[in-house]
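K.L.:
Numbering (this note's numbering), first residue to last: 1 to 177.
(1) Could you give the distance in angstroms between the alpha-carbon of residue 83 and the alpha-carbon of residue 109?
(2) So, does the region 130 to 150 touch the region 49 to 61, judging by three or more C-beta pairs under 8 Å?
(3) Determine the direct distance from the alpha carbon of residue 8 to that of residue 97, and round the result to whole angstroms.
(4) Per DSSP, what kind of secondary structure is residue 133 in: helix, strand or coil?
(5) Can you give the Cα-Cα distance for residue 56 and residue 81, rounded to whole angstroms?
(6) Leaving out five residues on either side along the sequence, give the residues of the same chain with a beta carbon under 7 Å from the beta carbon of residue 253.
(7) Return helix, strand or coil for residue 123, following the three-state DSSP convention.
(8) Measure the alpha-carbon distance for residue 99 versus residue 65 and round it to whole angstroms.
(9) Out of 107, 77, 42, 92, which one is the CA nearest neighbour of residue 123?
(10) If you draw a straight line from the C-alpha of residue 5 to the C-alpha of residue 160, how long is it?
(11) By DSSP, does residue 116 sit in helix, in strand, or in coil?
As structure tokens, this is what we get:
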């Protein structure tokens, strides 16, 4: 089951990576328009952070999956396998709980925005701001999926007495990319 969850997160993460290219292109166009042609558009400025939202909210679970997060490895590496598995299981379980709480709390926020058909308050701004806000529960749901997969992997490692997958082939996924 953890593998299925990992594949889902990986697919979403790879698709989200394309939003980075779009963001770079939009920012370059905005800078070019502003400094070369002394013009610009409100919608184009807003599009920058409209792209930033899915990059961050959908990309955070992929970053955790790929172990791109911060951890004090020089201390963690000295722990026995079972302790690493316990720490990982507890950490993933806490992230899972936090992610589910944020999903639950954000639903009314997004629903209210959708109900009001919230858009940009600025003239010439982008409509459907509720769509941007909808990435909050979607992104944290995806984080919950990744945390569940991590919890399962850690518990399996703990029950079998085997090293964590990250200990067996650290950064193997980076080399495969």
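Beta carbons are placed, not taken as given, at the ideal position from N, Cα and C, and that holds for glycine.
P.N.:
A quick look at the data gives this:
(1) For the purposes of this step, residue 83 is taken as the residue at position 83 of the chain shown. For the purposes of this step, residue 109 is taken as the residue at position 109 of the chain shown. A direct Cα-to-Cα measurement between residue 83 and residue 109 gives close to 39 Å.
(2) Judged by Cβ distances under 8 Å, the region 130 to 150 makes contact with the region 49 to 61, as three or more pairs qualify.
(3) Taking the first residue of the chain shown as position 1, residue 97 is located at position 97. Taking the first residue of the chain shown as position 1, residue 8 is located at position 8. In this structure, the alpha-carbon of residue 97 lies about 20 Å from that of residue 8.
(4) To locate residue 133, count along the chain shown from 1; it is residue 133. In the structure shown, residue 133 adopts helical secondary structure according to DSSP, grouped into three states.
(5) Residue 56 sits at position 56 when you count from the first residue of the chain shown. Residue 81 sits at position 81 when you count from the first residue of the chain shown. If I take the Cα positions, the gap works out to 31 Å.
(6) The structure shown does not extend to residue 253, since the chain is modelled only from 1 to 177, so the question has no answer here.
(7) In the chain shown, counting from the first residue as 1, residue 123 sits at position 123. Here residue 123 carries a coil assignment [DSSP, helix/strand/coil].
(8) As a working note, residue 99 is residue 99 in the chain shown. As a working note, residue 65 is residue 65 in the chain shown. Approximately 15 Å between the Cα atoms of the pair.
(9) Within the chain shown, the letter at position 123 stands for residue 123. For the residues 107, 77, 42, 92, the minimum Cα distance to residue 123 belongs to 42.
(10) Taking the chain shown and counting its residues from 1, one reaches residue 5 at position 5. Taking the chain shown and counting its residues from 1, one reaches residue 160 at position 160. Distance between the alpha carbons of residue 5 and residue 160 is about 21 Å.
(11) Counting from one through the chain shown, the residue named residue 116 turns up at place 116. DSSP places residue 116 in coil when its eight states are reduced to three.
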